[in-house]
Every structure is written in structure tokens, then in C-alpha cells.
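Below is one structure, written out as C-alpha cells; the observations come after it.
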Amino acid sequence: GLAARLQGTLTKIRGKGKVSEQDIKEMMREVRLALLEADVNFKVVKQFIASVKEKALGQEVMKSLTPGQQVIKVVNEELTTLMGSEQSKIAVASKAPTIVMMVGLQGAGKTTTTAKLANYLRKKHNRKPLLAACDVYRPAAIKQLETLGKQLDMPVFSLGDQVSPVEIAKQAVLKAKEEHHDYVILDTAGRLHIDESLMAELSEIKATVNPDEILLVVDSMTGQDAVNVAESFNEQLSITGAVLTKLDGDTRGGAAISIKAVTNTPIKFAGMGEKIDQLEPFYPDRMASRILGMGDVLSLIEKAQSNVDEEKAKELEKKLRTMDFTFDDFLEQLEQVKSMGPLEDLLGMMPGMNKKGMKDLKVDEKQLVRVEAIVKSMTPLEKRDPSVINGSRRKRIAKGSGTTIQDVNRLLKQFEDMKKMMKQMTGMQAGKGKKKGKG
Ligand code: GDP
Ligand code: MG
Numbered sequence: 005g006l007a008a009r010l011q012g013t014l015t016k017i018r019g020k021g022k023v024s025e026q027d028i029k030e031m032m033r034e035v036r037l038a039l040l041e042a043d044v045n046f047k048v049v050k051q052f053i054a055s056v057k058e059k060a061l062g063q064e065v066m067k068s069l070t071p072g073q074q075v076i077k078v079v080n081e082e083l084t085t086l087m088g089s090e091q092s093k094i095a096v097a098s099k100a101p102t103i104v105m106m107v108g109l110q111g112a113g114k115t116t117t118t119a120k121l122a123n124y125l126r127k128k129h130n131r132k133p134l135l136a137a138c139d140v141y142r143p144a145a146i147k148q149l150e151t152l153g154k155q156l157d158m159p160v161f162s163l164g165d166q167v168s169p170v171e172i173a174k175q176a177v178l179k180a181k182e183e184h185h186d187y188v189i190l191d192t193a194g195r196l197h198i199d200e201s202l203m204a205e206l207s208e209i210k211a212t213v214n215p216d217e218i219l220l221v222v223d224s225m226t227g228q229d230a231v232n233v234a235e236s237f238n239e240q241l242s243i244t245g246a247v248l249t250k251l252d253g254d255t256r257g258g259a260a261i262s263i264k265a266v267t268n269t270p271i272k273f274a275g276m277g278e279k280i281d282q283l284e285p286f287y288p289d290r291m292a293s294r295i296l297g298m299g300d301v302l303s304l305i306e307k308a309q310s311n312v313d314e315e316k317a318k319e320l321e322k323k324l325r326t327m328d329f330t331f332d333d334f335l336e337q338l339e340q341v342k343s344m345g346p347l348e349d350l351l352g353m354m355p356g357m358n359k360k361g362m363k364d365l366k367v368d369e370k371q372l373v374r375v376e377a378i379v380k381s382m383t384p385l386e387k388r389d390p391s392v393i394n395g396s397r398r399k400r401i402a403k404g405s406g407t408t409i410q411d412v413n414r415l416l417k418q419f420e421d422m423k424k425m426m427k428q429m430t431g432m433q434a435g436k437g438k439k440k441g442k443g
């Protein structure tokens, strides 16, 4: 994922203690590769990088203590914006029935999605859809929809394969009105490639029934070609939205970005499997994370931002620099860490700490409880000045905390190591800390 890609650049920056324009450039190169790997169209990538770079240069990134995370955050925000900031709902006509037309290449998932959408509308919105079999070309296409209808116990309108799709669509809408269906979903034909006669037919259906929604169904594995597909269908039909199918596969979903960028219409649903209930509303923010392959990284950033009290962090930094750091502070730090969840991933985000250093100290979560007990068994003097902790004090602390003298010794040693390590690190960041304090 992107987080891993940025690691190399980040290590370099950490050594320097400052982010330069060149560093940002390097990070942007990694972002670019991550997006191309996710099959986002190269033209779209180019535009995107330009806008992110500008943001990154203009923002807090260059001043930040955690530039990599800031870059990821900017990229993620931009991606989310690019795909439409919020979840987009399906149309509802002011006068029933709402007419939904499904279009797309053969095998994209139109027929399956027609049934899934009907199921979704009934289940989530208490609607009563009618399905219409307008694909008269693909062998057994009508049968496929009828089977799905049976499975759902929902009516399927069909006139066989000897009647034109335009006529079937027209009749289906009339039927829906007659029988008081509030939605009619037209399953149309596709071709393996974009095809003029097919487009002409779809245009005619559109002109005849005037759909409230024209959903382009796109297989998310389509990759780079998604741009051409989306462009052609949109040019001919002015689609109102898209459905991205087969997201349960190992695709990174780059097609989502291309579709939105080219058609400027929202992706409304995501197909997450072959089963009839595997259709979900499309969430741009989740897709952004998927494309960047960063899973939990973002939620970690958010956690760190909300849980680490800014003021306290600053105070702590000052204490560390003056080596005024006591076991009380240590305990407080541990409490904060505990409230944030998985220790390993979080330590790298805390001011003045880095993951590797903490790992070496072997403060794992199981040990936290023991460590806490030991520190709580110390007297105020011992906490402030651990150097007074002699043999008999160690024995007393071990007894009081229900641990062993070895445990106490180990913690004292770790505490000293930690102080040393922090001294090194704060020395490295001292210049930046001062700048930050001003603003
Ligand atoms: P159409 O030609 O556009 O009507 O496509 P179909 O609806 O017949 O779907 C083609 C194939 O894709 C079928 O085998 C479907 O089961 C499968 N399919 C459709 N949507 C999904 C999805 O979201 N996930 C997976 N794994 N398969 C899907
Ligand atoms: Mg079909």
C-alpha cells in the first residue's frame, strides 16, 4: 500500500529532521505509482497528482512532525472528494414509477445488479419493483432474470426475444403503472465492446421511456479501459450514475476514480459478490482507502489526533528535552497509549517517539498492566527520582505490585533506556519543536 511505499522517503526525512520540496516530490512519485498500480487511468492520475502536490506544498505537511501521515491524509481527502464526498442515493421520481435503466458492457453485471437493486429497494426502502427483461440478444438472458425474479419472489416483465427491446421497455413501464409498482428496472443488453447499433438502441429506449436514472454498470476489474467505457456510454446516454461490480475480487478499484473523473456522475452502488444481497451503497471514503491500500492507517491517524492531547504532548516534549521526565509522566503516557488501542502501530505517531525504539524496549500490551502496577507501587519520591530505588525498595515495590524483583529491575532499566532514547530523538527534533511552539 501507499503507507509502505512512502516508508523509504520518510526514513530519509526523519534523518534530516526537515521536509523539503524535493521530499514532497518524491512522495508524490510514490503516490502516482500507487494509483497506477490500482489501475486509475494515467491521465486522471496526472491531474490528481498536480492538485495534491499543490495542497501538500501549501499545507502543514512541510512543517509537520509526521509528514508522511500528512501526505497520506491529503491524498485520501482529495481522492474522497474526487469520488464525490458523500454517499449518493438512487433517484426517486416525483410520480411513480421511478424508471431505472441499467446499461453497460456484456458481463459487467447488469442482470445480476438489476435483481440486487430490486432486492435492495424492497428491503431498505420498502419498494415494490418490477423487473423488465430487455436483453433479447444474449442466449438465456431472459431466463436468467426470470430465475432471479423467482428467487426474490418478484415479478419479471418479458415479451420473449422476438419483440424489440424498445417495445419491451415501453410495455414494462405501462405494466408498472397499471400494477402500481413504484420502481421499474430495465435490464438491457450489452456487447463485448462499445458498439454503435447497441448505443443507438439504448438511446431509443431512453427517448421512449425517459428514465429517471441511467446506471452504468462497470466491472471493477476493467481497469484502464473503464475510462473509455464510461466516456462512450456517457456521451451517448448521459448516464446519471454508476454501479461498480465485483469489488469482492482482488481489484484495487481504480476504475471508480476514472468513472467519476470522466463522467462527473456519482458511483451509487458497489457489487460485493455474486449473491443477491451483496449490493452496498458506495462510500467514497472507503474506496479511497482501498485504492491507497492503507486499510487502518487512516483510522489510526484519526485516533492519534483525537486522543493525544495537544497541550499535554507539548508539555511532555518540553519535559523530555529538559530530562524532567518522571515515572508519573511515564504512567500518564501509558494511559494515553492504552486508550488508543493497538500499541505497536500507534507509538510511531506520538511526539518524540518512534516505533522501532519502542519495540526494542519490548513494552507490549500484556506487559502494560504489570508496568502500571509497578509504577503505582512507587512512592512519590521514587517516581520523581528513580535513582533512590535501592535493593530494599525494589523488594517492597515488587511485593506491593504482585510482581518479581526481576520485573521491577527490568522496568527500571527500560525507563532509563527510554530516557536515553528520547534524549537522542528530541535532540534531533529540537529545532522543529521550537518552530511549532510559536505557531
Ligand atoms: P451482464 O452481462 O452485464 O448482465 O452480467 P451478469 O449480471 O450476467 O453478470 C456476469 C457475471 O458476473 C455473473 O457470473 C455474475 O454472477 C457475476 N457478477 C455480477 N456482479 C458481481 C459481483 O459484484 N461480484 C462477483 N463476484 N460477481 C459478480
Ligand atoms: Mg445480462
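If you want UniProt numbering, it's the position in the sequence shown, counting the first as 1, plus 4. By construction, the Cβ of each residue, glycine as well, lies at the ideal position given by its N, Cα and C atoms.
For K387, which of L86, K179, S396, F334 has the nearest alpha-carbon? F334
Tell me which residue opens and which closes the beta strand (DSSP E) that V167 is part of. V167 -> no beta strand (DSSP E), and no H or E assigned at all.
Measure from the alpha carbon of Q410 to the alpha carbon of each residue in M203, P384, I378, then state which is nearest. Here the closest residue by C-alpha is I378.
Around the C-beta of D254, are 16 or more other C-beta atoms found within 10 angstroms, so that it is buried, or is it exposed? With fewer than 16 Cβ atoms within 10 Å of its Cβ, D254 is classed as exposed.
Whole angstroms is fine: what's the gap from D300's alpha carbon to G88's? Caution applies to D300, whose pLDDT of 40 falls short of 50 and renders its modelled position unreliable; the value that the coordinates give is listed next. For D300 and G88, the distance between alpha carbons rounds to 21 Å.
Please state whether DSSP places T212 in a helix, a strand or coil. Reduced to three states, the DSSP call for T212 is helix.
For H185, does the count of other Cβ atoms within 10 angstroms reach 16, so buried, or fall short, so exposed? buried
Is the beta carbon of A137 sitting closer than 9 Å to the one on L149? yes
What are the boundary residues of the alpha helix (DSSP H) that K57 is part of? 46-62
Ligand 1 and V221: does any heavy atom of the ligand fall closer than 8 Å to the residue's C-beta? yes
Near V79, what residues of its chain come up, given a Cβ to Cβ distance below 6 Å and the 5 sequence neighbours on each side ignored? Within the same chain, V79 has close Cβ partners V35, V56.
Own chain residues within Cβ distance below 7 Å of A95, not counting five before or after: T102, D216, E217, T244
Check for me: the alpha helix (DSSP H) holding G395 runs from which residue to which? 395-405
Three-state secondary structure assigned by DSSP to I378: helix
Looking at the structure shown, is P285 part of a helix, part of a strand, or coil, going by DSSP? strand
Return the first residue and the last residue of the beta strand (DSSP E) that G275 is part of. 271-275
Quick one: residues in its chain with C-beta nearer than 8 Å to the C-beta of Q282, no 5 flanking neighbours on either side, listed in chain order? K120, D252, G275, M276
Rounded to the nearest angstrom, what separates E239 and S24 at their Cα positions? 43 Å
Going residue by residue through the segment 141-196, where are the continuous beta strand (DSSP E) segments of at least 3 residues, counting only ones entirely within it? 187-191
Quick one: grab the DSSP three-state call for L351. Model confidence at L351 stands at a pLDDT of 49, short of 50, so the residue's coordinates are unreliable; what they give is reported in the following sentence. Three-state DSSP puts L351 in a helix.
Assign D389 to one of two classes, buried (16 or more other C-beta atoms within 10 Å of its C-beta) or exposed (fewer than that). exposed
Looking only at its own chain, which residues have a Cβ that is under 7 Å from the Cβ of T269, when we skip the five neighbours before and after it? Excluding residues within five positions, the ones whose Cβ falls inside 7 Å are I243, T244, G245, A246.
Length-filtered (3 minimum) beta strand (DSSP E) runs lying within the segment 83-136: 102-107
Given a threshold of 16 other Cβ atoms within 10 Å of its Cβ, counted over all protein chains shown, does R294 qualify as buried or as exposed? With 16 or more neighbouring CB atoms inside 10 Å of its own CB, R294 falls in the buried class.
In whole angstroms, what separates the C-alpha of I296 from that of D223? The residue you asked about is not Ile; residue 296 is Leu in the sequence shown. Their backbone Cα atoms lie some 19 Å apart in a straight line.
Which residues mark the beginning and the end of the beta strand (DSSP E) in which T249 is found? 245-249
For P169, count neighbouring C-beta atoms within 10 Å of its own C-beta (all shown protein chains included) and say buried if the count is 16 or more, exposed if not. buried
Closer than 8 Å: is that where the CB of A122 sits relative to any heavy atom of ligand 2? no
Suppose the cutoff is 7 Å on Cβ atoms and the five residues either side in sequence are ignored; what does the same chain contact list for A259 look like? D43, V222, S224, T226, G227, A230, L248.
On the three-state DSSP scale, how would you describe I218? strand
G227 Cβ short of 8 Å to ligand 1 heavy atom set: No, the beta carbon of G227 sits no closer than 8 Å to any heavy atom of ligand 1.
Pick out whichever of F419, K424, E183 has its Cα sitting closest to the Cα of D332. Ranking F419, K424, E183 by Cα distance to D332 puts F419 first.
For the alpha helix (DSSP H) holding G258, just list the boundary residues, first then last. 258-267
Would DSSP call D199 helix, strand or coil? coil
If you draw a straight line from the C-alpha of A402 to the C-alpha of T383, how long is it? 13 Å
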